[in-house]
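Protein chains: 2
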Amino acid sequence: MEAETTETIIRATGRSLCEHGYADLTMQRIAAASSVTTAAIHYHFDTKEELLDAFLDDLVDRFEAQLACEAGDPRQRLATLLDSVFDADPDDEFPVALMELKAQAPYHDPYRERFRELDGTLRAVVEAAVDDGIEAGHFEAADAGEVARFVATAINGGHLRQVALGEEPAETRRVIERYLDARLGWHPEGSA
Amino acid sequence: MEAETTETIIRATGRSLCEHGYADLTMQRIAAASSVTTAAIHYHFDTKEELLDAFLDDLVDRFEAQLACEAGDPRQRLATLLDSVFDADPDDEFPVALMELKAQAPYHDPYRERFRELDGTLRAVVEAAVDDGIEAGHFEAADAGEVARFVATAINGGHLRQVALGEEPAETRRVIERYLDARLGWHPEGSA
Numbered sequence: 010m011e012a013e014t015t016e017t018i019i020r021a022t023g024r025s026l027c028e029h030g031y032a033d034l035t036m037q038r039i040a041a042a043s044s045v046t047t048a049a050i051h052y053h054f055d056t057k058e059e060l061l062d063a064f065l066d067d068l069v070d071r072f073e074a075q076l077a078c079e080a081g082d083p084r085q086r087l088a089t090l091l092d093s094v095f096d097a098d099p100d101d102e103f104p105v106a107l108m109e110l111k112a113q114a115p116y117h118d119p120y121r122e123r124f125r126e127l128d129g130t131l132r133a134v135v136e137a138a139v140d141d142g143i144e145a146g147h148f149e150a151a152d153a154g155e156v157a158r159f160v161a162t163a164i165n166g167g168h169l170r171q172v173a174l175g176e177e178p179a180e181t182r183r184v185i186e187r188y189l190d191a192r193l194g195w196h197p198e199g200s201a
Numbered sequence: 010m011e012a013e014t015t016e017t018i019i020r021a022t023g024r025s026l027c028e029h030g031y032a033d034l035t036m037q038r039i040a041a042a043s044s045v046t047t048a049a050i051h052y053h054f055d056t057k058e059e060l061l062d063a064f065l066d067d068l069v070d071r072f073e074a075q076l077a078c079e080a081g082d083p084r085q086r087l088a089t090l091l092d093s094v095f096d097a098d099p100d101d102e103f104p105v106a107l108m109e110l111k112a113q114a115p116y117h118d119p120y121r122e123r124f125r126e127l128d129g130t131l132r133a134v135v136e137a138a139v140d141d142g143i144e145a146g147h148f149e150a151a152d153a154g155e156v157a158r159f160v161a162t163a164i165n166g167g168h169l170r171q172v173a174l175g176e177e178p179a180e181t182r183r184v185i186e187r188y189l190d191a192r193l194g195w196h197p198e199g200s201a
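Quick mapping for you: the protein sequence lines, in order, are chains A and B. Counting in our numbering, the first sequence runs from 10 upward without gaps. Counting in our numbering, the second sequence runs from 10 upward without gaps.
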């Protein structure tokens, strides 16, 4: 019951963040977006920052769970990772909301820690897939850590370009796929 | 005199943005950071958004002027571009302030237009330098537009990683230099 309430609050936080933006996000608005009262939200979370920290923590957990469930083939693991990053609903406001939190990271250490975790997970998944793929003879030899850093940096760049420039994320996906092709002699099917 | 006042206001806007952040930036604070009164600022700029738009416009102009003055050698032009992006004072708050404006771009079309101009300039400089360098026999053959898109995406990714993760920009510079080495058979001296 407790966990259910917390989850309801966290889901409402995500929706409210997308709707109102970071600066205008309040406990009242989160309550209005859920079946939970403002008092109940305050019972679980002292401040808006604490609530957003829980929201980011949940995001990291779901991202990790999503990538951990993947098939064993390292090519499939890389393709699934790119799908999970790039196959979003184009009307989704989530990238904008997430960018606002990233811009706030210098002022809130807990946010920064969550983003570092997310980055660590992303890079570890790429690095392991590249190493496994080289070992299995699917990919040409490469420095897996370097490939992982490249992929993470390009994904971050694509996120920023989507929000600041209004650019299609598919442009960045092509940049990554061309790089994988040049570096590993492989790219996901039907692309690059 | 007019131009001087405007310039004074724009400089003070940059300093105030770094000091207070986007949400807490006010005309009063900009006046306090300059020798110009709040009334005089209001005479030149109706809203905070208009003032920040002028600030970004000025930023684009200075970036263009900086890159236009470069020596003819295309290798030198690429090296200078990387220096101008990555050789910043590590204590400088400017990347954080700029990221806040980028996060606001979906809500303010004029900001978005400025960031698109900045991106267009950056990519045009890289593309021309790569094309000229290939023609002069300094670089291996490559699709200059693709190289330019890669460099711009990585620079954006590095900016976001610096702000959200607190990562050293030198990490991204290395990613770009390794890419240039692999793609063009060249990288700036003393690096990669």
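Beta carbons: idealized from backbone N, C-alpha and C, even for Gly. As the structure is a prediction and not an experimental result, all values here were calculated from the model.
Check, Outcome
"Reference ASP96 (chain B); option with closest CA among B:THR17, B:TRP195, B:GLU180", "B:GLU180"
"is_contact[VAL105 (chain B), chain A] using C-beta, thresh 8 angstroms", "yes"
"Test: GLU13 (chain A) CB closer than 8 angstroms to a CB of chain B", "no"
"Residue from A:LEU76, A:ARG192, A:GLN171 with nearest C-alpha to MET108 (chain A)", "A:GLN171"
"Under the three-state DSSP convention, the category THR46 (chain A) falls into", "coil"
"For HIS117 (chain B), the first and last residue of its enclosing alpha helix (DSSP H)", "Unbroken run through HIS117 (chain B): none, as it is neither H nor E."
"When A:CYS27, A:LEU26, A:ARG86, A:TYR188 are compared against ASP141 (chain A), the one with the closest alpha-carbon", "A:ARG86"
"Under 9 angstroms by beta carbon: chain A residues contacting HIS29 (chain B)", "Going along chain A, no residue has its Cβ under 9 angstroms from HIS29 (chain B), so there is no contact; the nearest lies around 11 angstroms."
"First through last residue of the alpha helix (DSSP H) which encompasses GLY23 (chain A)", "11-29"
"Proximal residues of chain A, C-beta to C-beta of VAL184 (chain B) below 7 angstroms", "ARG158, PHE159, THR162"
"Delimiting residues of the alpha helix (DSSP H) encompassing GLU73 (chain A)", "57-77"
"Counted within 10 angstroms of its Cβ, other Cβ atoms place SER25 (chain A) as buried (16 or more) or exposed", "buried"
"Contained alpha helix (DSSP H) runs [length at least 4] in the region 98-182 of chain B, N- to C-terminal order", "103-113, 118-144, 153-174"
"Own chain residues within Cβ distance below 7 angstroms of GLU177 (chain B), not counting five before or after", "none"
"Inter-residue CB distance, ALA161 (chain A) and ASP128 (chain A) (contact presumed, cutoff 8 angstroms)", "6 angstroms"
"Whole-angstrom distance between ARG125 (chain A) and HIS168 (chain A), CA atom to CA atom", "16 angstroms"
"Short Cβ contact (8 angstroms threshold) for ARG121 (chain B) with ALA137 (chain A)", "no"
"Under the three-state DSSP convention, the category ALA32 (chain B) falls into", "coil"
"Touching by the beta-carbon criterion (3+ pairs, under 8 angstroms), the region 57-64 of chain B and the region 18-37 of chain B", "yes"
"Cross-chain neighbours of ARG170 (chain B) in chain A, by beta carbon under 7 angstroms", "THR162, ASN165"
"Per-residue DSSP class, three states only, for PRO83 (chain B)", "helix"
"Same chain, Cβ closer than 8 angstroms to LEU91 (chain A), neighbours up to 5 away in sequence not counted", "ARG182, ILE185, GLU186, PRO197"
"Min CB distance LYS57 (chain A) to chain B below 8 angstroms", "no"
"ASP190 (chain A) in three-state terms, based on DSSP", "helix"
"Whole-angstrom distance between ASN165 (chain B) and ASP67 (chain B), CA atom to CA atom", "20 angstroms"
"Inter-residue spacing [alpha-carbon to alpha-carbon] between THR130 (chain A) and ALA163 (chain A)", "15 angstroms"
"Contacts around ALA201 (chain B), its chain only, beta-carbon distance under 6 angstroms, and the 5 residues preceding and following it disregarded", "Interpretation of ALA201 (chain B) is limited by its pLDDT of 49, a score under 50 that renders its predicted location unreliable; the figure taken from the coordinates is listed afterwards. Around ALA201 (chain B): GLU186, ARG187, ASP190."
"Against chain B: residues of the region 114-147 of chain A by CB proximity under 7 angstroms", "ALA114, PRO115, ARG121, PHE124, ARG125, ASP128"
"Pairwise C-alpha distance: PRO115 (chain A) and PRO115 (chain B)", "21 angstroms"
"Other residues of its chain near ALA40 (chain B): CB distance less than 7 angstroms, five sequence neighbours each side excluded", "THR46, THR47, ILE50"
"Partners in chain B for ALA97 (chain A), counting only beta-carbon separations shorter than 8 angstroms", "The premise fails here: ALA97 (chain A) is roughly 15 angstroms from chain B at the closest Cβ pair, so nothing lies under 8 angstroms."
"Nearest-angstrom beta carbon gap, TYR31 (chain B) and GLN113 (chain B) [assumed within contact, 8 angstroms]", "6 angstroms"
"Residue-chain proximity (GLU177 (chain B), chain A), Cβ-Cβ < 8 angstroms", "no"
"Neighbour-count burial assignment, ARG192 (chain B), 16 or more Cβ in a 10 Å radius", "buried"
"C-alpha distance - PHE148 (chain B) paired with ALA77 (chain B), whole-angstrom precision", "21 angstroms"
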